[in-house]
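Scroll down for the structure; my scribbles are underneath it.
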Amino acid sequence: MSDADTARRKEARKFASGRNWDSWPQYQAAAGGLQNYWYPVAWSDRLGRKPLAVQVCGLNIVLMRSRAGKPHALQDRCPHRGVRLSQGSQQFPDTLSCPYHGWTYRLSDGEMVAAITDGPDSRMCGAVAVRTYPAEDRLGLVWIFVGDRPPHPLDDQLPEELVAPPPFAVGGRIEEREGNWRLYAENGFDEGHAKYLHRTALWRIFKVMPTWNKIHIERDGRWLYRVEDERHWEADFPGLGRWTNMRWWKLKPRQMEGRMLGNTGGSAHNDPYIASLPLKGFASLSLPGVLRIAYPQFIHYEFYVPVDENRTRYVGLMVQFKRGLARLGFYLHYLTVIRWLFHGQFSGQDHWMVAETDAPPERLYRPDVSVIEWRRLFSEVDPGCGKASAQPANPTVSDRGEA
Amino acid sequence: MSDADTARRKEARKFASGRNWDSWPQYQAAAGGLQNYWYPVAWSDRLGRKPLAVQVCGLNIVLMRSRAGKPHALQDRCPHRGVRLSQGSQQFPDTLSCPYHGWTYRLSDGEMVAAITDGPDSRMCGAVAVRTYPAEDRLGLVWIFVGDRPPHPLDDQLPEELVAPPPFAVGGRIEEREGNWRLYAENGFDEGHAKYLHRTALWRIFKVMPTWNKIHIERDGRWLYRVEDERHWEADFPGLGRWTNMRWWKLKPRQMEGRMLGNTGGSAHNDPYIASLPLKGFASLSLPGVLRIAYPQFIHYEFYVPVDENRTRYVGLMVQFKRGLARLGFYLHYLTVIRWLFHGQFSGQDHWMVAETDAPPERLYRPDVSVIEWRRLFSEVDPGCGKASAQPANPTVSDRGEA
Amino acid sequence: MSDADTARRKEARKFASGRNWDSWPQYQAAAGGLQNYWYPVAWSDRLGRKPLAVQVCGLNIVLMRSRAGKPHALQDRCPHRGVRLSQGSQQFPDTLSCPYHGWTYRLSDGEMVAAITDGPDSRMCGAVAVRTYPAEDRLGLVWIFVGDRPPHPLDDQLPEELVAPPPFAVGGRIEEREGNWRLYAENGFDEGHAKYLHRTALWRIFKVMPTWNKIHIERDGRWLYRVEDERHWEADFPGLGRWTNMRWWKLKPRQMEGRMLGNTGGSAHNDPYIASLPLKGFASLSLPGVLRIAYPQFIHYEFYVPVDENRTRYVGLMVQFKRGLARLGFYLHYLTVIRWLFHGQFSGQDHWMVAETDAPPERLYRPDVSVIEWRRLFSEVDPGCGKASAQPANPTVSDRGEA
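Protein chains in written order, with full-length UniProt numbering: chain H, 1 to 403; chain B, 1 to 403; chain Y, 1 to 403.
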């Protein structure tokens, strides 16, 4: 190929609109969510005898709590005429009745146990049921299992340090946001954006972030870790000038002893439990969209729960392993600062960018190794739950009901 | 088939999503409305020389009243550039002019009689016309005939007792609501829902409704009647408990003498005209979506007029056969109570459920015999008016106009 | 053909819904705009170092001004992840940086000159670029050239009298409006509607307009002129009555000496520059959607800039060739009267009708010769820019970026 040809090709590539996602077919197929996972969907203390509607992986689900205090999850559609059961109410203990004609379903197995307006001898009882989903309370959240297999224990999926943790306090936000859940996960784990996008976040007002760095990704079990190799506080761009995040009032984080946890600020008082964890880096990510950011004194988690292909339920948790009075201090800190600056404005910048993201096509660059490794994880799991496959395979029965 | 097989099949049917409407093809085809019927579309006293836009069976129609007081209905689209004539105004008596260029149509036959901006010698006059629809005033309403045949007399279609009634008073509401007109009709005539859905309606605050009953449907002429065979004020559901609508402050309706008109409250003072009518039951339904509920002292009518496939014009009328001072009393009763409790909150519950209904698929039960008989009526009439067939069959003429 | 047949055919044509646009294929293909033209998109004094997003011919474009004061126009999409560059900011002189990861583009040629979060040695620099569009300031407006050829001089496209005009003053409005740009152009040049639609405009409160007239269209260079042949102040419509715009308080415009400029009011003090122009009529129209209305003392221009197929950027300019104090008087007149009555209410009536227009199908009449001649112009120019063809023909390159 002549030099002129090479130059021409190089020139053409400059304007190339980028590549698509064909090389990650499992990733592409998971737009609507991944099957056979537990998802946190609501605060436990918001769930009682009043039905609560949620949407996960494109499925409409109604939650309700039994007398024994157990959460239950049922398909949110009465088979009679398609009315949402979440519009109904409890007429008998541990059941939920459709508001239209009083078709009444048992919470535990979804079976219709009474059609109130058809009397006790109704022939529909035992002949109609709605699907149920496994549900559990954990960490102050209600979790439901969406899949076509028997559920694995929720413990197998929780961040390991939360399975049997010391006493801890939790503050958090649950919000439904526009944008696909995978883009939220990529944004959360993305090495490049924090240093630039979030430079204006109040959360960072007293802390310098590097201008750029070099990283690699390490895998440990189901977790991917970003590990920093080089850090540059400022940079001179030829022909343009110097760029830096440093300001006279900002602190540079100290290197953490032994290992570098990334671009966070340091702290004089590391939490001993966090310090004892075998974390390979500041930020880690696992399927089905769980981000963990280990600060010296608390850990921040983000669960990106697929609502449908275009919406994501953001579940942000800040966990501190404190007891007694210290716990009270955390709640005070959370409610006065963290909730507004971190779970509010900082996280709002991510929301803004995910809503802006219009990929594919895309052109990836060096820091996107974090994104690429994340996409590779999808080849190891069950295919995503398109709405069709996740719904129970109920053939339409052409009986004429009982009428 | 082995017992195990039978059990498995039975189990599978429980979760079956239900059946579709393939067995009622005429009903399915009538989503956009039925042809060759009169439809009430507006209060007569709201129609004058100002054009009024309505949509019926997917057709855009403009109403206007002539000097002689007659209502007229024209296609609401100027053939010139597609502007709605209802945006225009009267420039000459008994005509309507398009707001854009003054193309002027005669109310009586839709013929363009002047193109104001083209002068008296315009060659378009007599060469362009818009379709007209038969229109009449009756019962305080403007009715228009939508169809492809000459209209039958409106009298043939009115509830018989309203063709030559004694003096009467009317109160009512006209509202455009979301949801298909057939679902409104089914909801109105549906035996099952009233006793459960409406148990919380203020309209029912002093009257018990049964918990369940058994009915059959009787046909008389064009009307279907719900006839009650058994009535149960309360019921014990095995393993669940007792359910009842009875409260200490509520009255049980007395059986009406001679025949049972259904789940309404009784009255010491039956209206003699209503008592004289050969009604076979409390609730009756006829095509094209007319519900009649005969109370001892007044009759309530609901006309479910198709706007398009997704919206319905609800025309609710309460008619009392009174004259003089009693009539005044009715209006007072209507405006202070009926309008808010019955045509408002009670009817709003129906609106809520129709908007919620997501059928097919569906699973019908014993009380839905009312729904099934209604759907059978559709096999006796002209096919529904899809937008395509109801519009005049005007081939596109490839002349170049007059320019 | 028998008389009966003729009558039947004539009757059928009356109701014919009209003809489509098949006979003007180039016009039909130009729904999204015309290529290889300059378009005014914003006021020059609104553009500085803050990026400004505009949409033209379906293209998303970001505008920014360099230190030297030159306007620049770039494709408004970062190739990295598809974020709009208009959401970003200037980090280095004469560049624009994406808000997400700091990818930084040179305004002059769109080349990416820095990926801030990837350091000075980023391999993406020089390998990625966004498309740029020629941009210029003229007449107080920023103009951009959309096309696939090198741009012709903007002078070749400006109304001739504005290329080297005497001192002048400009008042104007820029508004995005719903409706296709071609319908705005047709409405602006349409002979028929002004006399009828605008009869209620306050702008016309003291001036009579004719009831109807006869016109022909003359072509001069790229301009079409409406030339009036007959004018009728009032008309008697047989069987209907007399129709006129005349009122006792309204003035009839005097005929302008030598030639008739159409349905405008006359003026005792014609502007000498306007009087010297070789205009063949009051209203003239040229591609790509420029209307010129020559009043005795000022000229009004409307540029109908395609945003996309359904929206139009209306750029209305009122130009008076005055200097010194007279110029001040014009601005006073513009801000107190013209802006509200002409660019506001009068032009709002046009907006209303374009939004109402639902063509094709359509039936054209004698005054629509203006519309027909306009559509014929499209056969002389490059095909319209469908979104597909106007975007740079960038094949998706299946490299894996730099990661």
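Glycine included, C-beta positions come from ideal geometry on N, C-alpha and C.
Check: Under the three-state reduction of DSSP, which class applies to A53/H: helix, strand or coil?
Finding: strand
Notebook entry, point to check: Which residues in chain H sit within 7 Å of R67/Y, going by Cβ to Cβ distance?
Noted result: Going along chain H, no residue has its Cβ under 7 Å from R67/Y, so there is no contact; the nearest lies around 13 Å.
Item checked: R84/B at chain Y interface by Cβ criterion, 8 Å -> yes
Next item on the list: Consider the Cβ of R149/B: report whether some Cβ of chain Y lies at a distance smaller than 8 Å.
Entry: no
Note to self: Can you find the residues in the same chain that come closer than 8 Å, C-beta to C-beta, to S108/Y, ignoring five residues on each side of it along the sequence?
What the structure shows: S66, H72, D94, T132
Item checked: Buried or exposed by the 16-neighbour rule on C-beta atoms within 10 Å, applied to D148/H -> exposed
Note to self: List, in chain order, every chain H residue whose beta-carbon is nearer than 7 Å to that of E367/B.
What the structure shows: The sequence given here places Pro at residue 367/B; Glu does not occur at that position. Those within 7 Å of P367/B in chain H are T117, D118.
Notebook entry, point to check: Hey, is F237/H's beta-carbon within less than 8 Å of any beta-carbon in chain Y?
Noted result: yes
Note to self: Check whether the stretch 284-294 of chain Y and the stretch 223-241 of chain Y are in contact - that is, three or more C-beta pairs closer than 8 Å.
What the structure shows: yes
Note to self: Am I right that V142/B and V41/B are in contact with their C-beta atoms under 8 Å? What's the rounded C-beta distance?
What the structure shows: 6 Å
Check: In its own chain, which residues sit with a C-beta less than 7 Å from the C-beta of L197/Y, not counting the 5 before and 5 after it?
Finding: Q349, M353
Next item on the list: Following the continuous alpha helix (DSSP H) through N187/H, name the residue where it begins and the one where it ends.
Entry: 181-189
Notebook entry, point to check: DSSP beta-bridge partners for K42/H?
Noted result: Looking at the sequence shown, residue 42/H is not Lys but Ala. Its beta-bridge partners are V142/H.
Checklist line | 6 Å Cβ shell around R106/H - same chain, five flanking residues per side excluded | finding: T95, V113
Notebook entry, point to check: Using a C-beta to C-beta distance shorter than 8 Å, which residues of chain H count as neighbours of residue 412/B?
Noted result: The question about residue 412/B has no answer here: the residues shown for chain B are numbered 1 through 403.
Margin query: With the cut-off set at 8 Å, would you say G110/H and W212/B are in Cβ contact?
Written below: no
Item checked: Beta-bridge pairing of Y105/Y - partner residues as DSSP gives them -> L96/Y, M112/Y
Check: Should S86/Y and D76/Y be called a contact, given that it needs their Cβ atoms to be closer than 8 Å?
Finding: yes
Check: If we ignore side chains and look at the alpha-carbon of each, how far apart do C125/H and K50/H end up?
Finding: 23 Å
Next item on the list: For the alpha helix (DSSP H) holding R9/H, just list the boundary residues, first then last.
Entry: 3-14
Notebook entry, point to check: When DSSP labels each residue in this structure, what does K195/Y get in the three-state scheme?
Noted result: helix
Checklist line | Those residues which DSSP pairs with R242/B across a bridge | finding: D236/B
Checklist line | Where the stretch 189-202 of chain Y meets chain B: residues whose CB sits under 7 Å from a CB there | finding: G192, H193, K195, Y196, L197
Margin query: Between W374/B and chain H, is any beta-carbon pair separated by less than 8 Å?
Written below: no
Check: If you count every other CB in all the chains shown that lies within 10 Å of the CB of G82/Y, and 16 or more means buried, which is it?
Finding: buried
Check: Quick one: is S122/H near chain B, going by C-beta distance under 8 Å?
Finding: yes
Note to self: Any beta carbon of chain B sitting closer than 8 Å to that of K14/Y?
What the structure shows: yes
Check: Residues bridged to R65/H by DSSP?
Finding: P71/H
Item checked: Beta-ladder partner(s) of R363/Y, from DSSP -> Partner(s): none; R363/Y has no beta bridge.
Next item on the list: Can you grab the Cα-Cα spacing for the pair V305/H / E186/H, in whole Å?
Entry: 13 Å
Next item on the list: Kindly identify the DSSP beta-bridge partner or partners of M318/H.
Entry: G171/H, H300/H
Margin query: Tell me the rounded alpha-carbon separation between R13/B and L364/B.
Written below: 13 Å
Note to self: Can you tell me whether S17/B is helix, strand or coil according to DSSP?
What the structure shows: coil
Check: Apart from the five residues just before and just after A29/Y, which ones in its own chain have a Cβ nearer than 6 Å to its Cβ?
Finding: P383, G384
Check: In the structure shown, what three-state DSSP assignment does W24/H receive?
Finding: coil
Next item on the list: Could you tell me which of D137/B, T6/B, T104/B, D358/B sits nearest to R46/B, measuring between CA atoms?
Entry: D137/B
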